[in-house]
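*Asks:*
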Amino acid sequence: MDTVPLNTAKVSEFSSSSRLLMLQSLVPVATNLISSQLEAFTSRLTDALFKISDQTLQPEEAASSFQACQLLKRNQTTFYRLLASQISTMLMKEVSAINTRKRLKDNHDIKDISLVTFEEMENKVLTNNLTKSLEVNSAEKLVELNCRIGLVMKRTPITVSQNPFRPEIFVNAVLQAWMELESTTVTPHLIIRIMQPDLFLNLNSVYQGVNDALAERGIVVDTDAVKRENKKRHAPLKSEDLDSRDPYLQNKLRNIFYPQASKERNQAGGVGTVAQDGVGQSGHLQSWLPAGGAVDTVTIDRQFFDYLTGMQKQIQQNQLAQPEDRSHLRRLTQEASAGELTHIDQNTIELLARIFDYVFSDDSIPEEIKSLIGQLQIPTLKVALLDKDFFFKENHPARVLIDTLAKSSVLLGNDATSEDPLYQMIEGIVDRVQQDFDQQIELFSDVVADLEAFLKSEEAQTEQAISEPVEQALKQEKMRLAREFAENDVAIRTDTGEVAGFVEEFLRKQWIRILTIAHNVKEEKPNALENALRTMDDLIWSLKPKNTSEERKELVSKLPAMLTLLNAWLNAIKWDEPDRVLFFSKLAERHAAIARAPLELSPRRQLEIAVNIAQRASEKRLNRHFVDQNEQESDEWGQMVEGLERGVWFDFTTTAGVTNRFKLAWVSPKRTRYIFTNRQGHDSFSISREELLAQLRNGDATIVSAESIVDRALVEALRDPPN
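Under this note's numbering, think of the first position of the sequence shown as 442, with each following residue one higher.
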């Protein structure tokens, strides 16, 4: 079994109890790191619940999600305490039971499936899905922690299921804390369903902190080996070969390479044993070729390979004299006689030539960068002859280099100059590959790492440059979200059909402004929101029929305070228009009418009132349903904007017809605002989701393709595959 190499640490002298104490000392570390995230996590969960209550078409779900949202808003401190307590308790229990993990797990899994409800089964599936996603997101830190804990316990690296700090524990702690806060049967299922990795706690920072704590206690591992092991273990998750994307193309590739390779190998009588320099006794290089799930080998003539090396050096020397010459692969097929090339060699050259032809025809890549990429044709051919995985796998180092160069060239735009640091970086990488590459495919990984590090440093500069626009956009989004909460507060009350028309208009036009301010400052002044909501509820109540003398006495006693609060709030928003006088005049008339109305209503009048209320409520529900449907309907542009991530490049065209390229540098948490900037972080601007949608629809904004150019080129090249 593969294991991750560990540096020796002095843990052999630890007793069983001291090892257990060491692991138990990590529990407060993890709990404190979680506690620092609870406010932000609760805010995300509250927003998600509100979004469901506002958008769902199912009344029961809307009611339960809104109640859960309000419950969480009112009991944030209680939820913090419950969750922190659950995490600490569960982690301590897991740490104490680490030596009996297998027995406890086996006993826990024994359960009569006939007693399990469908909802329990669904909850388990949803929980498992969330847990697996969190494991993938934190894979590197988890593997490192597995190694450290395994070293403490004097074992080989433990598995994730044996790790007492695994994501499953934190997921269960959140659910248990919620059930303690509200022990209904509906909302726990709702909480599981809406929970996604981007909404959940940031476990990466927790695992980093726990790893650091173990490192301080002398538990040291080879982190580079951990990264290599993690990359190897998770490579299949990336769907990196053509099989997972298009089996038809995969079959085309196998038909091009494998049958002929097998035939030629059989005719040659096999390949000699491999010497340490990769050359067989027969004087041929070995090339690895995937075939039908197995690894096969073909041979490459050493003389032809040396000829390519000479050509590679010649191209580098002549590049200054002929920078636009990109026909190296095409010239190679013309210069080499048919007898010098095997059928596989010919197919490899032809397929690679088609790929580079596609790259050269891509309008998004500047001409200067195309010339630099063109210099990589011969080194790439040597790689493809040595390792046919170049065609089969997305993550092949040489293939990643071409893709990375093409993507990074997008940053330069069409005005690339040799003075640009990025251009100089690309030029240096190409020179290094031309000078140093022979058979060391790892060289491609090294230069890609250098380029990515350079791009990351530029990204850090951009982050600093847009800090002020980001702060402003966050304020705008916070106000927008406050407005949505305010609109929902009013809609819940007016959709009942019991609110008088002039009051409903007042609430929708003026009181929403007050509630928006109250929601916006609720962190600093929570009493303001409670006061505004209570005043609105009192106003609505004051206009409902009062059919008993006690109710009318209560109205008379409450009116002065209510009117005082109404006026105070309206002064705060400076509503001094004539409409204000008219509103209070109507309000006084209605209150007087309520006081003069007969205490006892006839059955017929009661029925008329009930029917009118039901009819208005029905109309409002239908209107709300229609509006919700229209808001939820999303065209292709809406779906595209919803899926946008930072780093995507856009071309924006001005009214004067000038096109400029900008990067999506920041997306607000609620995806209502987007900040774009150039590569250096200058000329940044912020636009709303609606503005971006409008520009995409009318063609003033276009997305620069970010798909792998080698992928696209390979698909195009295989439309008419070589024979």
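Here a beta-carbon is modelled for each residue, glycine too, at the ideal position from N, C-alpha and C.
How would you call Met-977, buried or exposed, if buried means at least 16 neighbouring beta carbons within 10 angstroms?
*Replies:* One-based indexing of the sequence shown puts residue 977 at position 536. Flag for Met-977 reads buried.
*Asks:* How is Ser-983 classed by DSSP in three states: helix, strand or coil?
*Replies:* For this step, residue 983 is matched to residue 542 along the sequence shown. Correct three-state label for Ser-983: helix.
*Asks:* Between the alpha carbons of Ile-955 and Trp-619, how many angstroms are there, rounded?
*Replies:* Working through the sequence shown from its first residue, we reach residue 955 at position 514. Working through the sequence shown from its first residue, we reach residue 619 at position 178. Between Ile-955 and Trp-619, the C-alpha separation is close to 31 Å.
*Asks:* In the DSSP assignment, find the unbroken beta strand (DSSP E) run with Thr-789 in it and report its ends.
*Replies:* The residue given as residue 789 occupies position 348 in the sequence shown. That residue, Thr-789, is in no beta strand (DSSP E); its alpha helix (DSSP H) goes 784-801.
*Asks:* Among Gly-1140, Asp-1092, Arg-1138 and Gly-1098, whose alpha-carbon lies nearest the alpha-carbon of Phe-1117?
*Replies:* Numbered from 1 along the sequence shown, position 676 holds the residue referred to as residue 1117. Minimum Cα distance to Phe-1117 is reached at Asp-1092.
*Asks:* Report the residue from Ser-505, Ala-525, Thr-519 and Leu-461 whose alpha carbon sits nearest the alpha carbon of Ser-477.
*Replies:* For the purposes of this step, residue 477 is taken as residue 36 along the sequence shown, with counting starting at 1. The candidate whose alpha carbon is nearest that of Ser-477 is Ala-525.
*Asks:* So the candidates are Asn-972, Ala-1036, Leu-1028 and Leu-1011; which of them puts its Cα closest to the Cα of Leu-996?
*Replies:* Taking the first residue of the sequence shown as position 1, residue 996 is located at position 555. Of the listed residues, the one whose Cα sits closest to Leu-996 is Ala-1036.
*Asks:* Assign Asp-1152 to one of three DSSP states: helix, strand, or coil.
*Replies:* Within the sequence shown, the letter at position 711 stands for residue 1152. Three-state DSSP puts Asp-1152 in a helix.
*Asks:* In whole angstroms, what separates the C-alpha of Ala-614 from that of Arg-1114?
*Replies:* For this step, residue 614 is matched to residue 173 along the sequence shown. For this step, residue 1114 is matched to residue 673 along the sequence shown. Near 33 Å, if we compare the C-alpha coordinates of Arg-1114 and Ala-614.
*Asks:* Closer than 8 Å by C-beta to Val-1145: which residues in its own chain qualify, once you throw out the five before and the five after it? Chain order, please.
*Replies:* The residue you call residue 1145 lines up with position 704 of the sequence shown. Correct list, in chain order: Ser-805, Val-851, Val-1089, Trp-1090, Phe-1091, Asp-1092 and Arg-1102.
*Asks:* Name the one or two DSSP bridge partners that Ile-1116 has.
*Replies:* As a working note, residue 1116 is residue 675 in the sequence shown. Looking at the DSSP assignment, Ile-1116 forms a beta bridge with Trp-1107 and Ser-1127.
*Asks:* Measure from the alpha carbon of Val-962 to the alpha carbon of each residue in Arg-921, Gln-951 and Arg-1087, then state which is nearest.
*Replies:* Residue mapping note: residue 962 aligns to position 521 of the sequence shown, counting from 1. The candidate whose alpha carbon is nearest that of Val-962 is Arg-921.
*Asks:* Is any beta-carbon of chain C found at less than 8 Å from that of Lys-994?
*Replies:* The displayed structure is made up of one protein chain only, and chain C is not part of it.
*Asks:* Is it the case that the CB of Val-593 approaches a heavy atom of the ligand COA more closely than 7 Å?
*Replies:* Among the components of this structure there are no ligands whatsoever, and the ligand COA is therefore not found.
*Asks:* So what's Lys-829 in DSSP terms, helix, strand or just coil?
*Replies:* In the sequence shown, counting from the first residue as 1, residue 829 sits at position 388. Three-state result, Lys-829: coil.
*Asks:* Beta strand (DSSP E) containing Lys-1093: first to last residue?
*Replies:* Within the sequence shown, numbered from 1, the residue matching residue 1093 stands at position 652. Note that residue 1093 corresponds to Phe in the displayed sequence, not to Lys. Here the beta strand (DSSP E) through Phe-1093 covers 1090-1094.
*Asks:* Which value, in whole angstroms, describes the spacing of the CA atoms of Leu-694 and Val-800?
*Replies:* Here residue 694 refers to the residue found at position 253 when the sequence shown is read from its first residue. Here residue 800 refers to the residue found at position 359 when the sequence shown is read from its first residue. Taking the straight line from one Cα to the other gives about 20 Å.
*Asks:* I'd like to know if the region 1123-1130 and the region 905-919 are in contact, where contact means that at least 3 CB-CB pairs between them fall below 8 Å.
*Replies:* Short answer: they touch.
*Asks:* Compute the Euclidean distance between the alpha carbons of Pro-1019 and Ala-481, then round it to the nearest angstrom.
*Replies:* For the purposes of this step, residue 1019 is identified with residue 578 of the sequence shown, where counting begins at 1. For the purposes of this step, residue 481 is identified with residue 40 of the sequence shown, where counting begins at 1. Each residue's alpha carbon lies about 43 Å from the other.
*Asks:* With a threshold of 16 other CB atoms inside 10 Å of the CB of Ile-697, please say whether the residue is buried or exposed.
*Replies:* For the purposes of this step, residue 697 is taken as residue 256 along the sequence shown, with counting starting at 1. By the 10 Å Cβ count, Ile-697 comes out buried.
*Asks:* Where DSSP assigns a beta bridge to Asn-1101, which residues make up the other side?
*Replies:* Taking the first residue of the sequence shown as position 1, residue 1101 is located at position 660. Phe-1093, per the DSSP bridge assignment.
*Asks:* Would you say Leu-822 and Pro-605 are within 8 Å of each other, going by their C-beta atoms?
*Replies:* Stepping through the sequence shown from its first residue, residue 822 is reached at position 381. Stepping through the sequence shown from its first residue, residue 605 is reached at position 164. Taking 8 Å as the Cβ cut-off, Leu-822 and Pro-605 do not qualify as a contacting pair.
*Asks:* Can you check which of these residues, Leu-467, Lys-1111 and Val-566, is closest to Leu-655 by C-alpha distance?
*Replies:* The residue given as residue 655 occupies position 214 in the sequence shown. Ranking Leu-467, Lys-1111 and Val-566 by Cα distance to Leu-655 puts Leu-467 first.
*Asks:* Quick one, are the C-beta atoms of Thr-750 and Asp-861 less than 8 Å apart?
*Replies:* Here the question's residue 750 lines up with position 309 in the sequence shown. Here the question's residue 861 lines up with position 420 in the sequence shown. It is not a contact, given that the beta carbons lie outside the stated cut-off.
*Asks:* Can you list, in chain order, the residues of its chain whose CB lies under 8 Å from that of Thr-1096, leaving out five sequence neighbours each side?
*Replies:* Numbered from its first residue, the sequence shown carries residue 1096 at position 655. Closer than 8 Å at the Cβ level, and outside the excluded window around Thr-1096, lies no residue.
*Asks:* On the three-pair Cβ rule with 8 Å, is the region 925-932 touching the region 881-898?
*Replies:* Taking 8 Å as the limit for Cβ pairs, the verdict is that the region 881-898 does not touch the region 925-932.
*Asks:* Give me the Cα-Cα distance between Gln-763 and Ser-812, rounded to the nearest whole angstrom.
*Replies:* Against the sequence shown, residue 763 aligns to sequence position 322. Against the sequence shown, residue 812 aligns to sequence position 371. Interpretation of Gln-763 is limited by its pLDDT of 49, a score under 50 that renders its predicted location unreliable; no figure is taken from the coordinates.
*Asks:* Which same chain residues end up closer than 6 Å to Asp-488 when comparing Cβ atoms and leaving out the 5 residues on each side of it in sequence?
*Replies:* The residue given as residue 488 occupies position 47 in the sequence shown. Taken in chain order, the list of residues that qualify is empty.
*Asks:* Measuring only the C-alpha atoms, how far is Val-736 from Glu-1086?
*Replies:* For the purposes of this step, residue 736 is taken as residue 295 along the sequence shown, with counting starting at 1. For the purposes of this step, residue 1086 is taken as residue 645 along the sequence shown, with counting starting at 1. Confidence at Val-736 is low in this model, with a pLDDT of 45, below 50, so its placement is unreliable and the value that follows should be read with caution. About 38 Å.
*Asks:* What's the C-alpha gap between Asn-587 and Val-601?
*Replies:* In the sequence shown, residue 587 corresponds to position 146, counting from 1. In the sequence shown, residue 601 corresponds to position 160, counting from 1. Spanning the two alpha carbons is a distance of roughly 7 Å.
*Asks:* Under 6 Å Cβ to Cβ from Met-1003, same chain only, skipping five residues before and after it: list those, please.
*Replies:* Here residue 1003 corresponds to residue number 562 of the sequence shown, with the count starting at 1. Asp-979, listed in sequence order.
*Asks:* Is it buried or exposed, Ser-802, if we count other Cβ atoms within 10 angstroms and call 16 or more buried?
*Replies:* By 1-based counting over the sequence shown, the position of residue 802 is 361. The residue in question, Ser-802, is exposed, as its Cβ has fewer than 16 Cβ neighbours within 10 Å.
*Asks:* Should Ile-1150 and Asp-844 be called a contact, given that it needs their Cβ atoms to be closer than 8 Å?
*Replies:* If you number the sequence shown from 1, residue 1150 lands on position 709. If you number the sequence shown from 1, residue 844 lands on position 403. Against a cut-off of 8 Å, the Cβ pair of Asp-844 and Ile-1150 comes out as a contact.
*Asks:* Thinking C-alpha only, which one of Phe-833, Ile-756 and Pro-807 is nearest Thr-789?
*Replies:* In the sequence shown, the residue the question calls residue 789 occupies position 348. Per the Cα distances, Phe-833.
*Asks:* Just list the alpha helix (DSSP H) runs in the region 939-1014, keeping only unbroken ones of 4 residues or longer that don't cross its boundaries, in chain order.
*Replies:* Fully enclosed alpha helix (DSSP H) runs of 4 or longer: 942-947, 953-961, 967-983 and 990-1013.
*Asks:* Just how far apart, CA to CA, sit Ile-867 and Leu-846?
*Replies:* Working through the sequence shown from its first residue, we reach residue 867 at position 426. Working through the sequence shown from its first residue, we reach residue 846 at position 405. Cα to Cα, Ile-867 sits roughly 7 Å from Leu-846.
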